[in-house]
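Working notes for the structure below.
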Amino acid sequence: MKNYIKLFLAVCTISVVSCEDVIDVDVQTDTLRLVVEASLDWEKGTTGNDQSITLRTSTPFFDTQSTDVIGAEVNVTNNSTGEVYPFTDQNNGTYTTTTFDPQIYVTYTLEIIYDGERFTAEDTLRPVPNIKEVYQDTEDGFDDETIELHIVFDDFQDEGDSYFFKFERPQDLLPTLEVGDDEFINGNEVDWWYEIDDDEDEEIKPLLPGDIVTINMHSISRPYYNYMDIVIDQLGGVGIFESTPVEVKGNCINTTDPENYAHGYFRVTQKNSVIYTVE
Numbered sequence: 001m002k003n004y005i006k007l008f009l010a011v012c013t014i015s016v017v018s019c020e021d022v023i024d025v026d027v028q029t030d031t032l033r034l035v036v037e038a039s040l041d042w043e044k045g046t047t048g049n050d051q052s053i054t055l056r057t058s059t060p061f062f063d064t065q066s067t068d069v070i071g072a073e074v075n076v077t078n079n080s081t082g083e084v085y086p087f088t089d090q091n092n093g094t095y096t097t098t099t100f101d102p103q104i105y106v107t108y109t110l111e112i113i114y115d116g117e118r119f120t121a122e123d124t125l126r127p128v129p130n131i132k133e134v135y136q137d138t139e140d141g142f143d144d145e146t147i148e149l150h151i152v153f154d155d156f157q158d159e160g161d162s163y164f165f166k167f168e169r170p171q172d173l174l175p176t177l178e179v180g181d182d183e184f185i186n187g188n189e190v191d192w193w194y195e196i197d198d199d200e201d202e203e204i205k206p207l208l209p210g211d212i213v214t215i216n217m218h219s220i221s222r223p224y225y226n227y228m229d230i231v232i233d234q235l236g237g238v239g240i241f242e243s244t245p246v247e248v249k250g251n252c253i254n255t256t257d258p259e260n261y262a263h264g265y266f267r268v269t270q271k272n273s274v275i276y277t278v279e
């Protein structure tokens, strides 16, 4: 028996030594693209003057170097008045301004000059309703034993309102994102509820007493609603009944070379924020 074990070990050793050849694997690389994180969010009740935009490049596979974009020229223009708001390069991929003037129903244009190319995008700022009430319950969700949160507000009389909600708990890796519109609720009081499903695989727990939830409610343009609707659908995974993942393009257009488009989105929103502690 001992001789058999020795022979087996010898064969294994020879096999391991003979498999030490270096194998070169070609890793597919995509075109490096500009990535634009330009969310000009105006908190209701503030001036909204302080805004920032982040620029980086997409990351190649196995690349650990910084992808911050430095040296770009970044401006936002009020299309109604022609006033230009320059964003100052902070030399870390962030560009900031302290003079932005948000105005309801005004369309703003973002312009980025980077690496000899010009990128533009535009979005329209729409008003957000006041949040009348936030409360918790267990009656309207999918599980009558799970706590859900309710956000109550009055939709405006004008048709075409769209909303973006972000719910965050400190213990969760990612926030929950949701979008909605007023197609069936126009001009009415809206009771928007939010529930977290128990997911043991992802170690996600439902809402429990003591949980602190930050709620951000944005009023958004219809193009941004369409964009986020696709993004949220893609984040839902690729189960048997899920949609096939596709590349989601934002609204940033390269006017110099349209084929070299940017990732990301330029949005201008008004928002309400509430911090709620579950009881």
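Just so we're aligned: 256 in UniProt numbering is position 256 of the sequence shown, and the numbers increase by one with no gaps anywhere. Beta carbons are placed, not taken as given, at the ideal position from N, Cα and C, and that holds for glycine.
Counting only the same chain and skipping the five closest in sequence on each side, list residues whose C-beta sits under 6 Å from that of Asp154.
Pro129 and Glu189
Of the choices Leu177, Tyr135, Ile147 and Thr54, whose alpha-carbon is the least far from that of Glu37?
Thr54
When the Cβ atoms of the segment 157-164 are set against those of the segment 204-221, are three or more pairs found closer than 8 Å?
yes
Is any heavy atom in the ligand PLP found nearer than 7 Å to the beta carbon of Tyr163?
Within the structure as shown, the ligand PLP is missing, as the structure has no ligands at all.
Checking the sheet assignment: what are the DSSP bridge partners for Gln136?
Leu149
Quick one: give me the first and last residue of the beta strand (DSSP E) that Ile53 is part of.
Gln51 to Thr57
For Thr31 and Ser273, the rounded distance between their alpha carbons:
38 Å
Would the beta-carbon of Val213 fall within 8 Å of that of Asp123?
no
What are the boundary residues of the beta strand (DSSP E) that Val35 is part of?
Leu34 to Glu43
Assign Asp68 to one of three DSSP states: helix, strand, or coil.
strand
The alpha helix (DSSP H) enclosing Asp233, as first and last residue numbers
Arg222 to Leu235
Distance between Thr277 and Ile112 (C-alpha atoms, nearest Å)
41 Å
In the DSSP assignment, what residue or residues form a beta bridge with Asp191?
Val152
Whole-angstrom distance between Leu40 and Gly179, CA atom to CA atom:
Rather than Gly, the amino acid found at residue 179 in this sequence is Val. C-alpha separation (whole angstroms): 18 Å.
Residue span of the beta strand (DSSP E) that contains Ile113, given as start and end
Thr107 to Tyr114
Quick one: give me the first and last residue of the beta strand (DSSP E) that Gln171 is part of.
Run containing Gln171: none; DSSP gives neither H nor E here.
From which residue to which residue does the beta strand (DSSP E) around Gln270 run?
His263 to Thr277
Contact between the segment 132-145 and the segment 191-198 (3+ Cβ pairs under 8 Å):
yes
Residues near Asp216 in its chain [Cβ-Cβ closer than 6 Å; skip 5 each side]
Going by the sequence as given, residue 216 is Asn instead of Asp. Answer for Asn216: Lys166, Lys271 and Ser273, listed in chain order.
Report the CB separation of Tyr108 from Thr99 in whole angstroms; it is logged as a contact under 8 Å.
That pair is no contact at about 13 Å.
Helix, strand or coil at Phe184 [DSSP, three-state]
coil
Which residues bound the beta strand (DSSP E) around Thr96?
Thr94 to Thr97
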